[in-house]
Amino acid sequence: MRGAAFVLMLALSGVPALAEPLNLTLPAGAIQAAQTSSPAASYALAVGPWKGDAVDTIGLEGARSDTAWRLRANQNTTLQLLAALREQLVDAGYTLLYECDTDACGGFDFRYALDLLPEPAMHVDLGDFRYLAARKGDEYVAITVSRSSESGFVEITNLSVQDVTPLLSDNPLAIPQQSAPLPGSAAAPSASAFAAQMESQGSVALDDLDFASGEVTLGTQEVASLKALAEYLAAHPDARVVLVGHTDAVGSLSANIALSKRRAEAARAKIITDFGTNPAQITAEGAGYLAPRASNLTKAGREKNRRVEAVLTSTQS
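Rendered as structure tokens:
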């Protein structure tokens, strides 16, 4: 092969694909050092030099991908490295928004205003780097190149502007539910309040079920929300409830739907084992990450999204 083909493609269920996948061919021997991606991210694209205390930027939101490459024993200058990529962008129909070289960019301040992958994946010599930003429709690209004494370094950031409003499935189980304070918390509702919320709102979030990211197991300790739900079901033998598991947005949709269902099944098994709930009254399903109640862009938000909700489906047998 004459070169390493870098394909910036995002295939996410329910998320529009890039109109035309961007293919940039790097010099032979290029090794991918790191890659990150997010289906919904905010990104400040630098389109001007460092001035005073800031860089001119364009605020973008959408699907973002960052890939860093190392070119070992490549003695091309930073200009030669960038020029080849720039030519490919122009040939692909991209419009150059901004391009600069080290001091003209703003040196140290400009470099640290860029959101780049960390060392050692992406090395930037503060005395020798170049930057380029380009656009084609809703597709934006930022390229940073630099070098060490023996190798070249390239980082390519691609952002496809998209609506980042959380997607909702036509499955009613994936509709976000309002939730009351946690049973067992300082402001926990009484048993009658739990029943009132279940019947007035149709659901209760069982927030004291604690799942770490990617985990499905529950401990042996008593869970106050499951106890309250068990009492409700015992008092209403005609009631039918679906436990719906929800996840954060780390991983694919199919994997998260499977994970969320396993969490719901773990909660179902626990309420049956610990409180003798009639198995016929309670089932388990999974909605994956389709019904977030907080942003998946923060750790706190992802923790809030990992939950199980009890959804009242019927009071008739």
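Under my numbering, residues 1 to 317 are what the sequence shown spells out, in order.
Note that the Cβ used here is the ideal one computed from N, Cα and C, for glycine as well.
Alpha carbons only, please: which of the options is nearest the one belonging to residue i?
i, options, result
"S252", "Q75, G52, R240, S38", "S38"
"A264", "E303, D210, K299, G276", "D210"
"E199", "T217, R240, K227, Q221", "R240"
"E285", "S295, G301, R307", "R307"
"L76", "Q162, P292, I282, S146", "Checking the displayed sequence, the identity of residue 76 turns out to be Asn instead of Leu. Nearest C-alpha to N76: S146."
"Y131", "Q80, E150, D91", "Q80"
"A269", "L243, V47, T247", "L243"
"A310", "S42, A287, E150, Y94", "A287"
"G127", "D101, A133, A280, L114", "D101"
"E119", "S149, A92, R70, L82", "R70"
"T313", "G202, A83, T25, Y94", "G202"
"T157", "N74, T36, A235", "T36"
"T324", "T144, A92, Q197, T273", "Residue 324 lies beyond the residue range present for the chain, which begins at 1 and ends at 317; the question has no answer from this structure."
"N278", "A235, S65, H246", "A235"
"V223", "P27, R72, I31, A267", "A267"
"G152", "I31, G52, F275", "I31"
"D248", "R72, A92, L290", "L290"
"L22", "F275, V124, D91", "D91"
"T283", "G245, A83, V250", "G245"
"N74", "V250, F275, S149", "S149"
"F108", "Q88, G52, V250, P27", "G52"
"A83", "F129, R72, Q197", "F129"
Hey, is residue i close to the ligand NAP, as in C-beta under 7 angstroms from one of its heavy atoms?
i, result
"D91", "In the structure on display, the ligand NAP does not appear, and there are no ligands present to speak of."
Which stretch, first to last residue, makes up the beta strand (DSSP E) that contains residue i?
i, result
"R240", "240-246"
"G301", "From DSSP, G301 is part of no beta strand (DSSP E) but of the alpha helix (DSSP H) over 299-305."
"L22", "22-27"
"L45", "31-51"
Leaving aside the five residues before and after residue i along the sequence, list all residues of the same chain whose C-beta is less than 6 angstroms from its C-beta, in chain order.
i, result
"A68", "A33, A34, L117, A121, M122, E155"
"R386", "Coverage of the chain is limited to positions 1 through 317, which leaves residue 386 absent and any answer about it impossible."
"L85", "L24, I143"
"Y94", "A134, K136"
"S13", "Unreliable placement is indicated for S13, whose pLDDT of 36 sits below 50; the coordinate value is still reported in the next sentence. Here the set comprises L253."
"R64", "S38, A41, Y43, L159"
"L297", "none"
"L96", "A134"
"G106", "P49, W50"
"V124", "R111, S146"
"Q88", "L24"
"R302", "D248, N296"
Counting only the same chain and skipping the five closest in sequence on each side, list residues whose C-beta sits under 7 angstroms from that of residue i.
i, result
"A104", "P49"
"F194", "P183, V204, A228, Y232"
"K304", "R293, A294"
"P16", "Since pLDDT at P16 reaches only 40, below the 50 mark, its modelled position is unreliable, and the value read off the structure follows with that caveat. Q162, listed in sequence order."
"T320", "Any question about residue 320 goes unanswered here, given that the chain covers just 1 to 317."
Please return the same chain residues whose Cβ sits closer than 8 angstroms to the Cβ of residue i, not counting the five positions on each side in sequence.
i, result
"A46", "V55, D56, T57, Y98, F110, A113, L114, Y131, A133, A142"
"Q281", "L233, P237, A239, R240, V241"
"A300", "A294"
Review point. Curious, which full-length alpha helix (DSSP H) runs of at least 4 residues does the region 53-106 contain?
Key: 78-91, 102-105
Check your understanding: Is the number of C-beta pairs between the region 46-64 and the region 130-144 that are closer than 8 angstroms three or more?
Key -> yes
**Study point:** Every unbroken beta strand (DSSP E) within the region 114-164, with a cutoff of 3 residues, ordered by chain
**Key:** 129-136, 139-147, 151-161
**Study point:** Given 8 angstroms, three or more beta-carbon pairs between the region 248-262 and the region 220-238
**Key:** The answer is no - the region 220-238 does not touch the region 248-262, with fewer than three Cβ pairs under 8 angstroms.
Review point. Residue ranges of each beta strand (DSSP E) run of no fewer than 3 residues wholly in the region 214-295, ordered along the chain?
Key: 240-246, 282-286
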